[in-house]
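Here's the structure, in structure tokens; my notes come after.
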């Protein structure tokens, strides 16, 4: 069977470009991948962008050239998809603005190495035929898994998240985020690469249509009988003002006033929830202030983010980014310490190498950094179903915040997205919270300092929310949990095994890729 005409013509056009032109096109392809992510959320761009990745590999003369092309694609995707990180360096611009160009380029450049490896491996066994689209999808799928795990991992903006605003995303409860990445790349590449005269292209479109239809017909969880009522408080405390005298008192008064507001249409709240590091004092040193803020809830327990410390053997303070539960009488009855810390934000990898150029200052608490907690666990508060806690960055790791021994009834996410501006970063973070809800079949309750605070049901639907840049409170019932999903039971192991099996098959038997005559 002859090669599809569209595939052949476009492949030839890309091959006719010079090296620098191809690299620019590769960077633009990476930008195109970002268009599929929130806040733009246009996944249909992938039907052009993903085939372009295949044609870019076609045009490279060697694995080394393919690796350079893959790096350019990854750099384009990460520099556009993670541009919001630069905002964190403007919070204290006098000290850190000089680091902004490095932050918004060096991290994308490093993450792009995973894409370089994927393109290099694919080119090693590259042949004509539509099978090369599957080969590239397998290799990128493995590269994205590696990006999500190596050096503590950073699984932000995976290609499979492109479907978060569509019913297709419901399939993540079966295959997880890495399975969604492979399916996305394969199904979006095959129609143009194989050509619509081949059955495989129609099979790809039919699978995608089936996933869409299955997701669209999935029923939302039934309303539980007499659910607990949550009050989620969003103070909208600007990060550059939050810790300054005068402003601290103003934001504290706002938190307390919103917590003590009259009951809404759902009745008196059963719990009041404040966001990550909502309080600017140390609870263990100020029990009178703990009693005051707990009393503002007017009866129910208060859950809030706070900083804690412990003394090490030398008497030095070790800092923890924590969630605490306080009762009306001011007693701290439980505490969860964040265990998956942010590199360069909460601790400094290789600090002894980097502190000489001043980078330890961004590691928090004057350079001391934070200590990781013991790990995920299920927390029980009277009057509420048990919940899994996640603080900020922890929620981007699928399943990494749910303890193995006990399935919770919901997930509580405390975050402070004020570090990341008011555009893409907070919206992408919310999208990942919605995906975690679908994966686990559990509602997610999100308290964010400057937004977007939200209640998300177990199918990923936002039932209540407060927008960015506003202060206020959400009173809402806790949605019901669903039965454990396939992914919540199996994790990433089955998909990883299939991707590895596929990669080995292509590497051992490259004839699988050859175009039939």
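In the working numbering, the protein residues as written are 130 to 646.
Note that the Cβ used here is the ideal one computed from N, Cα and C, for glycine as well.
Judged by DSSP in its simplified three-state form, residue 379 adopts helix.
Closest in C-alpha terms to residue 506, from the list 184, 528, 385, comes 528.
DSSP places residue 437 in the uninterrupted beta strand (DSSP E) bounded by 431 to 440. Contact between residue 427 and residue 600 is absent: CB atoms are separated by about 19 angstroms, not below the 8 angstroms threshold. Around the beta carbon of residue 564, 16 or more other beta carbons sit within 10 angstroms, so the residue counts as buried. One thing to note: residue 163 has its Cβ no nearer than 8 angstroms to the Cβ of residue 239.
Rounded to whole angstroms, the separation of the alpha carbons of residue 636 and residue 253 is 8 angstroms.
Under the DSSP assignment, residue 363 falls in the beta strand (DSSP E) whose first and last residues are 358 to 363.
Going by DSSP, residue 518 is part of the beta strand (DSSP E) stretching over 516 to 520.
Bridge pairing for residue 602: 362 [DSSP].
Of the candidates 335, 304, 305, 335 places its Cα closest to the Cα of residue 317.
In the three-state DSSP reduction, residue 530 falls in the coil class, being neither helix nor strand.
For residue 401 and residue 148, the gap between their C-alpha atoms comes out near 58 angstroms. Cβ contact annotation for residue 182 (same chain, cutoff 7 angstroms, sequence separation greater than five): 158, 202, 265, in chain order.
If the five residues before and after residue 395 are omitted, its C-beta is found closer than 8 angstroms to the C-beta atoms of 358, 604, 605, 606, all from its own chain and listed in chain order.
With a cutoff of 8 angstroms on beta-carbon distance, residue 540 and residue 560 are scored as not near each other. The segment 572 to 585 makes contact with the segment 533 to 549: 3 or more CB pairs, one atom from each, lie closer than 8 angstroms. Inter-residue distance for residue 415 and residue 171 is about 49 angstroms (C-alpha atoms, whole angstroms).
Counting along the chain, the unbroken beta strand (DSSP E) around residue 544 starts and ends at 539 to 544. In the three-state DSSP reduction, residue 461 falls in the strand class (E or B).
Looking at 453, 337, 263, the one whose alpha-carbon comes closest to that of residue 315 is 263.
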